[in-house]
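Our numbering applies: residue 161 is where the sequence shown begins, and numbers increase by one. Note that CB positions come from ideal geometry on N, CA and C, so glycine has one too. Presented below is the structure to which this report refers.
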Amino acid sequence: MNKEKLEEFRILLEGRLDDLLKEANRTVAGMTDSKENFPDPTDRAALESDRNFLLRIRDRERRLISKIREALDRIEDGEFGMCESCGGDISEERLLARPVTTLCIDCKKMQEAQEKSRSR
Ligand SMILES: [Zn+2]
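The following block contains the structure:
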């Protein structure tokens, strides 16, 4: 994948991460005493440094946040867009729909088929 494409995905992922952190911040603020002071939701560094914050947000959001961070790490490492199972390229179409994915469509299908047969 060329640099321009990677940069596009990085911007896309960072945008999603920002949205999630803002949303999570609202969730946390709504759950706790209004007297407590919360950092500006746009101040991502402050939010990210607050470990308690991450412990208090919902599981689903926490999982997504860590997936997005992993995807950003993969961009840094030059591994983004590579299937972690077969090492092949993940199609751009699939990455656009699901930028946090680590499996190409074939491996994903295989994984799903295996999960199905296990639960049977
Ligand atoms: Zn694969």
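With fewer than 16 other Cβ atoms from the protein chains shown falling within 10 Å of its own Cβ, Gly190 counts as exposed. Secondary structure at Met161: coil, using DSSP grouped into helix, strand and coil. DSSP places Ile250 outside any alpha helix (DSSP H), giving it a letter other than H or E. Rounded to the nearest angstrom, the gap between the Cα atoms of Met242 and Ala231 is 11 Å.
Remark: the shortest separation between the CB of Gly190 and any heavy atom of ligand 1 does not fall under 6 Å. With distances taken between CA atoms, Leu177 lies nearest to Arg222 out of Arg222, Met161, Val188, Arg218. With fewer than 16 other Cβ atoms from the protein chains shown falling within 10 Å of its own Cβ, Leu256 counts as exposed. Looking only at Leu166, Ile217, Met270, Cys264, the smallest Cα-Cα distance to Arg186 is reached by Ile217.
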